[in-house]
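Enquirer: Take this structure, written in structure tokens, and hold onto it; I'll ask about it next.
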Amino acid sequence: MKISNICIIGAGKIAHSLIPALIENGYTISTIISRRLASAQKPGALYNIPLIADTVSSIPEHVDCIIIAVPDQQIGAVAEDIANNTTPAPNRAVLHLSGSLNSAILAPVARPGTLTASIHFMQTFSSLNRVPLTGSCAAIECTDDTLGSELVQLCLTLGTQPFQISRDLKTLYHVMGVFLSNFLIGNLQAAETIFQSLQIDAVTFWQLANPIIQATLEHARESGITRALSGPVERGSSGVISDHVNSLIQLQPALLQSYMAQSKHLIEIAKQKAPEKEDLYNEIHKVLHKSG
Ligand SMILES: NC(=O)c1ccc[n+]([C@@H]2O[C@H](COP(=O)([O-])OP(=O)(O)OC[C@H]3O[C@@H](n4cnc5c(N)ncnc54)[C@H](OP(=O)(O)O)[C@@H]3O)[C@@H](O)[C@H]2O)c1
């Protein structure tokens, strides 16, 4: 199996980064399809993609790889659509890009001659602006060795670091990505909300946030994640935690839930770093339990 002529279905955030990366690395994208023609026209025109359409029945027979780049909840329906409205082609791969779903969702298209797989790039694409794929890791989930090797080659060609992930571990793997990126956004938003309530004019949020974020990442990388923990939980300061809880009740009770859940998690990390302070950590646990 050789991937050379690609059809992308879904002209959203990830497509706007993947399409130029594929083209610049020698792959031909002959077809772009999206639910709305206007969405497909944008990357279609930008990257001179010959065929722009809004139905899968337009997929030419010579396409040897279909990449489904639609939201996870639409992947199954698109697979059904491909199965019902395209002519089966020999030696064709059908892939999706979800982190959480595995390739079983592509079962409707897994006909003789068609192989299925999923590739997930551990990167965040939050708008249509292009995000470089180079340097990101790519989780390949594929039960066919020939297609698996071809996808490893594709990922290496894009400058990403491929690795295999098994079907049954994909969802858990994706939870890791949620911790790495989405919860980080949640924490930044919480911090910014508090910053705004303080009415500080002398510095901006990012002036205040950048140095501590950078130092936290550096310490975690250099000393190990557990050893990099500091703050009131690590010091065992239950009085400070109690004051924090009271000030959050006044500002925004919704943030309190997040504060308490994360503090409970930090207690477990702190116990690993300083097991001798277990009594202090149990006190913090009591304060949190009483408040929640
Ligand atoms: N965004 C990320 O950070 C990220 C990271 C890694 C993996 N992924 C994966 O990449 C995939 C796409 O995510 P995304 O963030 O790029 O989504 P998105 O920005 O919402 O774009 C999805 C695109 O698919 C089109 N679409 C939706 N339903 C369709 C259908 N039934 N038929 C044809 N086209 C349809 C949309 O339609 P219109 O034509 O209406 O515009 C839109 O252009 C998902 O599986 C996601 O898990 C995303």
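For the sequence shown, my numbering assigns the number 101 to the initial residue and increments by one for each residue that follows.
Virtual Cβ for every residue (Gly too), placed ideally from N, Cα, C.
Keep in mind that this is a model prediction, so the values were computed, not measured.
(1) State yes or no: is the C-beta of Thr316 nearer than 7 Å to some heavy atom of ligand 1?
(2) Within the same chain, show all residues whose beta-carbon is closer than 6 Å to that of Pro208, passing over the 5 residues directly before and after it, in chain order.
(3) Relative to ligand 1, is the shortest distance from any of its heavy atoms to the C-beta of Ala177 smaller than 7 Å?
(4) Fully enclosed by the stretch 126 to 201, which alpha helix (DSSP H) runs are 4 residues long or longer?
(5) State buried or exposed for Pro353, treating a residue as buried only when at least 16 other CB atoms are found within 10 Å of its CB.
(6) Indicate the three-state DSSP secondary structure (helix, strand or coil) for Cys242 in the structure shown.
(7) What does the Cβ neighbour count give for Asp164, buried or exposed, with the cut at 16 atoms within 10 Å?
(8) Could you compute how far the alpha carbon of His274 sits from the alpha carbon of Phe295?
(9) Going by the CB atoms, is the gap between Ile159 and Ile106 shorter than 8 Å?
(10) Starting from Pro262 and walking both ways along the beta strand (DSSP E), at which residues does that stretch end?
(11) So, is His162 buried or exposed, given that buried needs 16 or more other C-beta atoms within 10 angstroms?
(12) For the beta strand (DSSP E) containing Ile106, name the first residue and the last one.
(13) Could I get the ranges of all uninterrupted alpha helix (DSSP H) runs contained in the stretch 322 to 352, with 4 residues as the minimum, in chain order?
(14) May I ask whether a heavy atom of ligand 1 can be found less than 7 Å away from the beta carbon of Thr224?
(15) Which residues mark the beginning and the end of the beta strand (DSSP E) in which Thr216 is found?
(16) Label Ile285 either buried or exposed according to how many other C-beta atoms from any shown protein chain fall within 10 Å of its C-beta, with 16 as the threshold for buried.
(17) Relative to ligand 1, is the shortest distance from any of its heavy atoms to the C-beta of Ile133 smaller than 7 Å?
(18) Return the CA-CA distance between Gln174 and Val278, expressed in angstroms with no decimal places.
(19) Among Gly235, Ile119, Asp172 and Leu317, which residue has its Cα nearest to the Cα of Thr271?
(20) Would you call the stretch 137 to 152 in contact with the stretch 116 to 128, where contact means no fewer than 3 C-beta pairs closer than 8 Å?
(21) How is the alpha helix (DSSP H) around Ser281 delimited, first residue to last?
Expert: Once the coordinates are examined:
(1) no
(2) Ala179, Glu180 and Ala183
(3) yes
(4) 137 to 146 and 172 to 185
(5) exposed
(6) coil
(7) buried
(8) 31 Å
(9) no
(10) Gln261 to Gln264
(11) exposed
(12) Asn105 to Ile109
(13) 332 to 335 and 338 to 351
(14) yes
(15) Thr214 to Phe221
(16) exposed
(17) yes
(18) 20 Å
(19) Asp172
(20) yes
(21) Element bounds for Ser281: n/a, residue is neither H nor E.
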